[in-house]
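Below is one structure, written out as structure tokens, with a few remarks after it.
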Amino acid sequence: MAAELEQIDFIWTGKDKSGNKTEGILSALSETIARADLRKRGIRVIKIKKKPKPLFAAKTKPILPGDIAVFARQLATMLDAGVPLVQAFDIIGKGNKNPSMGEMLLSIKGDIEGGDTLAEGLRKKPLYFDDLFCSLVEAGEQAGVLETLLDKIATYKEKSESIKKKVKKALTYPIAVLAIAFIVTAILLIFVVPVFEDLFNSFGADLPAFTMWVIGLSEWAQEWWWAVIGGIFGFVQLFSYFKKRSEKFRHFIDRTLLKLPIIGAILDQSALARFSRTLATMSAAGVPLVEALESVAGACGNVVYTEAVMQIRDEVATGQRLQLAMQQTDIFPHLVIQMVAIGEESGKIDSMLDKVADFYEEEVDNLVDNLSSLMEPFIMVILGTLVGGLIVAMYLPIFKLGAAVG
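So for the sequence shown, this note's numbering puts the first residue at 274; every next one is plus one.
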């Protein structure tokens, strides 16, 4: 992974086997490796140098998981239509809307032209093609059904990205609501309430207790706003630090999230959908069950499920049936276990797991929609209480003064 980050672009000119002049750009870890790669392709290098970086380089567009899903679908479609692999890479790479993605695909095309298999070419880009993707491609190449496996990979990637977006939406919504409520309250306390405070001081009258409390809160916010922002920033940094470095902390967070109302159900069912979809895809590709479960563990997206799947893998490796191993973890619903049992008995475990994945993906859809419906009145209540409460606190003295004058 670090090697991918350290690759350098080289501009080269040379002559091919026919003696024709050719040129291009090649990514490699060093000039020596670049020259060796070009020789392997049958190119005699005349000149090679590092590609200069512009002084004010435009920010490159990152390669996102969605780009990989689209690529898998495009490649599957082209191979199914009879387009040769190298030509398919050339077409997709040159026509890609994301320059970074296009450049990477053309680099892989060069590796394939140099004698690498598709799986070997993809494994040189570990930041974008994980072990699951590469293992399925390798299985497809060995069995001579690459286009069929790529179609399954494309479907898997599309479904996986879809469910990730839904989970992200479910988690982002409540956080966004709280952030908006915090910002609106802070603006009112720091900028609006002091204006009313000056007005009230000119009256010289006693203020209601609620108004006094809000003014006190405003004065505190004006004096300590920097501490609040620093505290929030520090909390986010500490949270990120421990989440990356502490396995116990990640386990605690993932287990806690699963217990939350609605959001916990969304995360739970999305993990079940990922487990089922990944295992179904690998089973259909003919990947051995123990090897498949290792990839499935990393695809669940939750430490609790990852540990459970690794436990299942260990049980299956000793000869235990998948259904019984899943039952012993105590986290898989009866529906999933029974569908796996039927699949094992009928020899159609991949189709059974596909049905399970479809069911839980639909459940996640419904839960996210329900969360959105529930959050709308929740937003109104929070904002109404905060903003309305501050407005009432500011206008109470005016009403009191008007009653006194009347």
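Every residue gets a Cβ at the ideal spot worked out from N, C-alpha and C, and that includes glycine.
Range of the contiguous beta strand (DSSP E) that encloses residue i
i    : result
L299 : K294 to A301
R317 : R317 to K323
I336 : Taken as a continuous stretch (DSSP letters only), I336 belongs to no beta strand (DSSP E), as it is neither H nor E.
I536 : First-last for I536: I536 to A557, but that is the alpha helix (DSSP H), not the beta strand (DSSP E).
I284 : I281 to K288
Nearest-angstrom Cα separation, counted from residue j out to residue i
i    : j    : result
S426 : F651 : Sequence inspection shows Ile at residue 426; the Ser mentioned does not correspond to that position. Answer to the nearest angstrom: the Cα atoms are 40 Å apart.
A570 : V582 : 5 Å
L608 : I615 : 11 Å
G657 : E635 : 34 Å
D627 : S435 : 15 Å
L552 : L302 : 35 Å
R586 : L511 : 34 Å
F246 : P399 : No information on residue 246 is available, as it lies outside the stretch 274 to 679 that the chain covers here.
L423 : D527 : 32 Å
A666 : V468 : 13 Å
K288 : F508 : 58 Å
S645 : K442 : 9 Å
K382 : S433 : 26 Å
L712 : L597 : Only positions 274 to 679 of the chain appear in this structure, which leaves residue 712 out of reach.
F672 : L659 : 20 Å
D631 : Y578 : 19 Å
E618 : R594 : 11 Å
E703 : T390 : This structure does not reach residue 703, given that the chain is present from 274 up to 679, and the question cannot be answered.
Residues near residue i in its chain [Cβ-Cβ closer than 6 Å; skip 5 each side]
i    : result
N371 : K334 and D340
D384 : G394
F605 : M599
M612 : M625 and V629
L311 : V318
D623 : A553, S556 and A557
I336 : S373, M374 and Y401
I664 : none
Spatial neighbours of residue i in its chain, beta-carbon cut-off 7 Å, leaving aside the 5 residues before and after
i    : result
L444 : I536
A361 : L348, M351 and L352
F473 : L480 and P670
S568 : D404, L405, S408, T551 and M555
A452 : none
A416 : G559
I262 : In the structure displayed, the chain extends from 274 to 679; residue 262 sits before or after that span and is not available.
E411 : A392
D471 : none
A345 : L423, I426, A427 and K430
Residue burial classification, residue i (beta-carbon count within 10 angstroms, cutoff 16)
i    : result
Q601 : exposed
A330 : Model confidence at A330 stands at a pLDDT of 48, short of 50, so the residue's coordinates are unreliable; what they give is reported in the following sentence. That one is exposed.
F234 : A query on residue 234 cannot be resolved here, the shown segment of the chain reaching from 274 to 679 and no further.
P534 : exposed
N695 : Given that the chain is displayed from residue 274 to residue 679, the structure contains no residue 695 and the question cannot be resolved.
D642 : exposed
A482 : exposed
P396 : In the sequence under discussion, the amino acid at residue 396 is Arg, which differs from the Pro named in the question. The residue is buried, with at least 16 neighbouring Cβ atoms inside 10 Å.
F548 : buried
A500 : exposed
F464 : exposed
T484 : buried
I633 : What sits at residue 633 in the sequence shown is Tyr, not Ile. Buried, by the Cβ-count rule.
G368 : exposed
F285 : A small fix is needed here, since residue 285 is Trp in this sequence, not Phe. Under this definition W285 is a buried residue.
Q495 : exposed
V589 : buried
Candidates the options, of which the one nearest residue i by Cα
i    : options                   : result
K290 : R317, A342, I671 and V641 : R317
F406 : Y429, I505, A301 and G292 : Y429
H524 : S380, I539, E580 and V660 : E580
S408 : S619, P561, S645 and F506 : P561
L378 : K521, G388 and Y401       : Y401
I448 : M648, L640, G292 and I298 : M648
G297 : K313, S619, I306 and K324 : K324
G620 : V589, V660 and G559       : G559
N639 : L531, Q495 and V440       : V440
A354 : N293, E420 and E588       : E420
A546 : K532, T529, F522 and C573 : C573
K438 : P357, L540 and I306       : L540
E376 : Y446, F506, V343 and L299 : L299
Residues near residue i by beta carbon distance below 8 Å, same chain, minus five either side
i    : result
R704 : Residue 704 lies beyond the stretch modelled for the chain, which goes from 274 to 679, so this question has no answer here.
D363 : L379 and K382
F522 : F515 and K516
First through last residue of the alpha helix (DSSP H) which encompasses residue i
i    : result
K398 : No alpha helix (DSSP H) holds K398; DSSP gives it neither H nor E.
D587 : V576 to A590
I456 : L419 to I460
C407 : D404 to A416
Q495 : A482 to R518
L533 : That residue, L533, is in no alpha helix (DSSP H); it is neither H nor E in DSSP.
S373 : P372 to E386
S568 : L562 to A572
D603 : Careful: D603 lies outside any alpha helix (DSSP H) and carries neither H nor E.
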